[in-house]
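Working notes, beginning with the structure itself.
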Amino acid sequence: MNAHASALAIACLLLAAPAAAAAEATGAAPDLVQRECSTCHGLHGISTAPTFPNLAAQPAAYLEAQLKAFRDHSRADPHAQAFMWGMAAQLTDAKIKEIAEYFSKQPPAPGTSADPAEVAAGRQIFENGIDAQGVPACMACHGDKAQGNEVFPRLAGQHRGYIEKQLEAFASNLRENEIMHQNATKLTARQISDVAAFLSSM
Amino acid sequence: MDSILSWRAAKAVAVALATLAAALAASSPASATPGFARQTGLACEACHTVFPELTPFGRLFKLNGYVFSNVKQLQDINEKDQSTLAMNEIAPIGLQLQASFTSIGHSVPDNGTGVNDLAQKNSVEFPQALSLFYTGKISDNLGAFLQVTWNPTSNSIGIDNSDLRFADHASVPAIGASDFIYGVTLNNNPTSQDVWNSSPAWTYPYILSNIMVSRIASALIDGQLAQSSAGLGGYVWAYNHLYLEFSGYHSAVTGFSNHYTSGPELDSTYSGTRIDGLAPYWRAAWEQDWSRNSLMFGTYGMQANTHTQGIGFQGPTNSFTDVAIDSQYQYIGDNNILSAYATWIHEDRTFNAVTTSNPSNTLNTVRVTGSYFYDRKIGGSLQYFSTTGSSDALLYGAGTVTGSANGSPDTQGIIAELDYLPWLNTKLGVQYTAYTKFNGASTNYDGSGRNASDNNTLYVFVWTAF
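Chains A and B are the protein sequences, given in the same order. Its first residue numbered 1170, the first sequence is counted upward by one per residue in the working numbering. Its first residue numbered 116, the second sequence is counted upward by one per residue in the working numbering.
Shown next as structure tokens:
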């Protein structure tokens, strides 16, 4: 290719870009969500990697509380420190509200299939708790469909790996929450895995 | 006879020195940058598996123009409430230090004037390189990765990898692209703008000894234009899968003068390769991410006509056409991180500006790398590398240590590395390069009795960025 053809091709690219920018934007994602949150959590709050939780249909009150906890460093599990302390550092209360409202209104993540035996065992814990170990039913706070309620997060359709990590972090107090600490320390690794399998399949 | 031999040896060592200097100028210390961490408030692990390899998040950070910022901004607006300035209150700067020990299998001959010190088998460099970075946001949509590095060979400070980048988001619903990134990059090293670690500028080995013996041939796109070219290009990242870029590179020689400024004729003293006109560069890649996995298949290449050293921009040119394919796979678990990259570069090289035996030659480069890290703390990498090509006794001439007795550029071997990272920004490594073939042969490759394994290199380093 000669120099003129190369220059022309670059010029075309440069000219095409602003035209594309002017194209009608779709969706109502706040700018911040589109440029930053979506990188890990997906534009509509459904993430690819289990390192990052699905935020779609999460109660706005829970999201607000978490973003404020990241901002003031009161939520301090390893991924919170690595990612969210920085992300939330400059967020105003108004921005936090806007982000939380947006994700709370997105359609929830569809469940992913898991081993039926694990799902059944997890359902048992979720619906009835484990009396012998003093573990209450998860649905008492998180809702009968694990849909969440105010500051209690939605768990249905959440990544299995993320739920397991959070329960481990509650147990070790890397993520501080007294009630969840009590519950998580009473669960075995097998039970954590089962309940996470069930929730991710919902 | 003796005097001829030693003269030849001296000449060979001088050529080796020049090659080493060129290789050093071309090889840039690949980098993770503390400036980005300072600007974003994110730990290294957000953008890097183990520095400098990028995670999917790191790739998007780069594609978005390095602008994502979580620190206080100095800002301004106009009367229409449009932003006219948004700059980090604190500059995202950082430093990088590399220090190393190198032991070559068999020292190079020590009979050239002024090069006696290079004949030693073991060498310590402190520092091997010291870099200053400005990496991050300049304003909304505009960011930079700028690096200056002190180079021990020339004892001077020079421009290292540099990338000035504009990026924005747009949507074209008509083609199903509800949100895509488009950008413009101005950089000084073909493939340094790339976001995957399988293309040459940012691939394993991320750090190499300055003192290794350089092979006789490398493809043009494989570092030969690093820091001596200027490329302007446009790219898009669409559907969260597809990357397309087209750039054009021109020679950008630092420190030149011309006869109007009473210096020598433009570029005539520059010793490196100069591109005649504009060299087109292209890149296409498809990335598929699922769960903790990321897989990319891609192709890249460039076509350049170049002038050889010392003859300005006049006269016949050499022609290089590089066509490459590459692939990268990553598994990023909470504890286990697995990466694999591969690339194959085919080069058609025709030399009109220098005399060769064949009217045209081919050169094929293959690299296949696997890497594993546990907890981002301890791990290792293994690479098989191969350069093969048509033999040409005039192009790949004889010469002690750096020459080829049979005119073949074939060089093959492995590079193994073990790393320990006590902290995310500090890497302690032991690397071993073993050659099964060097410049065409396993034994007596240079015709002076040197074997490929004599160039095996043990390299121990510390690399930290802060």
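Ideal Cβ positions, reconstructed from N, Cα and C, are used throughout, including at glycine. This structure is a prediction, so every number in the text was calculated from the model and none was measured.
query                                                                                                                      : result
Proximity of B:Y456 and B:L410 at Cβ, strictly below 7 Å                                                                   : no
Cβ of B:N237 within 7 Å of any chain A Cβ                                                                                  : no
Coarse secondary structure for A:N1297, derived from DSSP in three states                                                  : helix
Check whether A:L1232 and A:A1269 have beta carbons under 7 Å apart                                                        : yes
7 Å Cβ cutoff, A:F1208 in contact with chain B                                                                             : According to the sequence displayed, residue 1208 of chain A carries Thr and not Phe. Chain B contact via Cβ: present.
Test: A:G1211 CB closer than 7 Å to a CB of chain B                                                                        : no
Under the three-state DSSP convention, the category B:N476 falls into                                                      : strand
B:Q235 versus A:G1330: straight-line alpha-carbon distance, rounded                                                        : 53 Å
Reference B:Y354; option with closest CA among B:R389, B:P315, B:D294, B:L510                                              : B:D294
For A:D1262, three-class secondary structure by DSSP                                                                       : helix
Chain A within 7 Å of B:A161, Cβ atoms only                                                                                : yes
Beta-carbon proximity list for B:L212, same chain, < 6 Å, skipping 5 on both sides                                         : P242, L245, T579
Any chain B beta carbon closer than 7 Å to A:T1354                                                                         : no
Contact belief for B:T300 with B:D283 at Cβ below 8 Å, rounded distance in angstroms                                       : That pair is no contact at about 13 Å.
Whole alpha helix (DSSP H) elements within the segment 251 to 309 of chain B, 4-residue minimum                            : none
Span of the beta strand (DSSP E), counted from its first residue to its last, around B:N203                                : 198 to 203
Alpha-carbon to alpha-carbon, B:N566 and B:I272                                                                            : 35 Å
Residues of the segment 443 to 466 of chain B with Cβ closer than 9 Å to any Cβ of chain A, in chain order                 : I447, G448, D449
Min CB distance A:A1278 to chain B below 7 Å                                                                               : no
Where B:K177 sits in the DSSP three-state scheme                                                                           : helix
Classification of B:D569 by the beta-carbon crowding that lies within 10 angstroms, buried from 16 upward                  : buried
Runs of alpha helix (DSSP H) wholly within the segment 1206 to 1257 of chain A (minimum 4 residues, chain order)           : 1207 to 1210, 1229 to 1240, 1254 to 1257
Test item: CB-CB of B:T217 and B:S324 under 7 Å                                                                            : yes
Cβ distance (whole Å) where B:A180 is taken to contact B:R280 below 8 Å                                                    : The sequence given here has Gly at residue 180 of chain B, not Ala. So it is a contact: roughly 4 Å between Cβ atoms.
Any chain B beta carbon closer than 7 Å to A:T1261                                                                         : no
Cβ pair count under 8 Å reaching 3, the segment 501 to 515 of chain B against the segment 324 to 333 of chain B            : yes
Cut-off 6 Å between Cβ atoms - residues of its own chain near B:T465, not counting five sequence neighbours on either side : S434, S475
Under the three-state DSSP convention, the category A:K1355 falls into                                                     : helix
Residue-level contact to chain B via CB, A:F1339, 7 Å cutoff                                                               : no
Test item: CB-CB of A:I1215 and A:A1225 under 7 Å                                                                          : yes
Exposed unless 16 or more other CB atoms sit within 10 angstroms - verdict on A:T1333                                      : Sequence check: residue 1333 of chain A is Glu here, not Thr. By the 10 Å Cβ count, A:E1333 comes out buried.
Close Cβ partners of B:G564 (< 7 Å) along its chain, the five nearest in sequence each way excluded                        : none
Test: B:L335 CB closer than 7 Å to a CB of chain A                                                                         : no
Sub-7 Å separation of A:V1304 and A:N1352 beta-carbons                                                                     : yes
Spatially closest choice to B:G251 from B:A549, B:G448, B:I205, B:A285, by CA coordinates                                  : B:I205
Interface flag, B:D404 vs chain C, CB-CB below 7 Å                                                                         : Protein chains A and B are contained in the structure displayed, whereas chain C is not.
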